[in-house]
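Down below is the structure, laid out as structure tokens.
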Amino acid sequence: MAHMDARSGAYTYVNQEAYLKMPFSVDMAGFDKCALNYCVKRKDSPISVVGFTLKGIGAITQNGKTAQIKKGSIFFAKCTSPHEYHAVSDWEFCWVNILGDEWCRVLDKYNLNGQLVFEDFTLGEEFKELIEEANMKETDLEKWQITMQGFLYKTVLHLYERENFQSSDILAAKIKKEILKNIGRGCSQEDISREVGISVRHAQRIFKSEYGVSIHKFITEEKLRLAKNLLINTGSSIKQISEISGFENEKYFSVFFHKNCGEAPLKYRDKFGFYNRSKRKV
């Protein structure tokens, strides 16, 4: 890896040995303030990067493509091929380094591998807060690792839904965007409608007309999809998954999951989970 280190900032090593058998894990997390001659080049590196621009402009090149990374944009530098990113102006961004090819396979599964940068990333503030938490001395980094993995899966689902909008109705699209932004936060239909600026009844009507499903059902389906991803791909406890996915509590989540999937969360993980399969091979 070539690295012209014209930067300042803060970072911490996160990776814990207990997580090395997981599909992917966060190795480092931090903030960079970069001058114009800042540049990172990686070739044959196991590291992927997810970064979010706070100020200024950067640029990334991979697979013959180059894209600018403006304020409010998230970018993916993937370990599957050589990549480079550098400052275009004074550039500030927060980031995580990720170890594990599975992260790239997740991006490919959700058709996100071909795009380097996504503008107007609405989960950026949450990402920044998580990076700040990682750099606090009192933070339990093992628990933080699980939380960040959950956030990364949520990001993938959020971007997948956002990039595949087929709607011509701006209000319906805004409602969907608000739902995806707040999955895991226990946001109500009233809160979402208020953010969009319309009544709950109006929101319910136009959303059902546009997408063929109620707001309530769409929210529960997205929460369930996030929970399934966490069960399959992480070692998070059922309690942690219920919290990250926005369910009331562990008991309610387990009952809901069994009702909708035909089996208990732990049984589902035992069948399909990468973490459990890896663990059994040790």
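Start counting at 1 in the sequence shown, then tack on 205, and there's your number in my numbering.
Yeah, the Cβ is synthetic: ideal placement off N, Cα and C, and Gly gets one too.
- By the Cβ-count criterion, P470 is buried, with 16 or more other Cβ atoms from all chains shown falling within 10 Å of its own Cβ.
- F356 sits in a helix when the DSSP states are folded into three classes.
- Between L304 and V361, the gap from beta carbon to beta carbon reaches 8 angstroms or more.
- The C-beta of D237 has 16 or more other C-beta atoms within 10 Å across all chains shown, which makes the residue buried.
- Nearest to F298 by C-alpha distance, out of L429, F229, Q354 and C239, is C239.
- DSSP, read as helix, strand or coil, puts T425 in helix.
- Here the stretch 413-422 makes no contact with the stretch 322-339; the two share fewer than three CB pairs at distances below 8 angstroms.
- If you ignore the 5 residues before and after L321, its C-beta comes within less than 7 angstroms of the C-beta of I265, Q267, K270, A272, F280 and F281, all in its own chain and listed in chain order.
- In this structure, the beta-carbon distance from V405 to K379 does not fall below 8 angstroms.
- DSSP places E297 within a strand segment (E or B) once states are collapsed to three.
- Residue pairing of E289 in beta bridges, as defined by DSSP: K246 and T266.
- Of the residues assessed, K382 falls on the buried side of the cut-off, its CB having 16 or more other CB atoms within 10 angstroms.
- Annotation for D237: the continuous beta strand (DSSP E) segment containing it runs S230 to C239.
- Linking A234 to E343 through their CA atoms gives a straight-line distance of about 15 angstroms.
- As a beta-bridge residue in DSSP terms, K260 pairs with E297.
- I437 and F477 do touch by the CB rule: their CB atoms are close to 5 angstroms apart, below 8 angstroms.
- In the DSSP assignment, A282 falls within the beta strand (DSSP E) that extends over I279 to A282.
- Listed in chain order, the non-local C-beta contacts of K444 below 7 angstroms within the same chain comprise E455, local neighbours out to five positions each way being set aside.
- In the assembly as shown, G451 is a buried residue. Its beta-carbon has 16 or more other beta-carbons within 10 Å.
- As a beta-bridge residue in DSSP terms, L304 pairs with S230 and I252.
- DSSP places L385 in the uninterrupted alpha helix (DSSP H) bounded by I375 to N387.
- Sequence-distant partners of M353 (beyond 5 residues in either direction) whose C-beta falls short of 7 angstroms from its own C-beta, in its chain, are V231, V301 and L335.
- For F323, the three-state secondary structure derived from DSSP is strand.
- Looking only at K413, I424 and K275, the smallest Cα-Cα distance to A377 is reached by K413.
- Put simply, the backbone Cα of C466 is about 21 angstroms away from that of L385.
- In the DSSP annotation of this structure, the continuous segment of the alpha helix (DSSP H) that includes A408 starts and ends at V405 to Y416.
- For Y457, the enclosing alpha helix (DSSP H) has its first and last residue at E455 to C466.
- Y457 has its alpha-carbon roughly 30 angstroms from the corresponding atom of W308.
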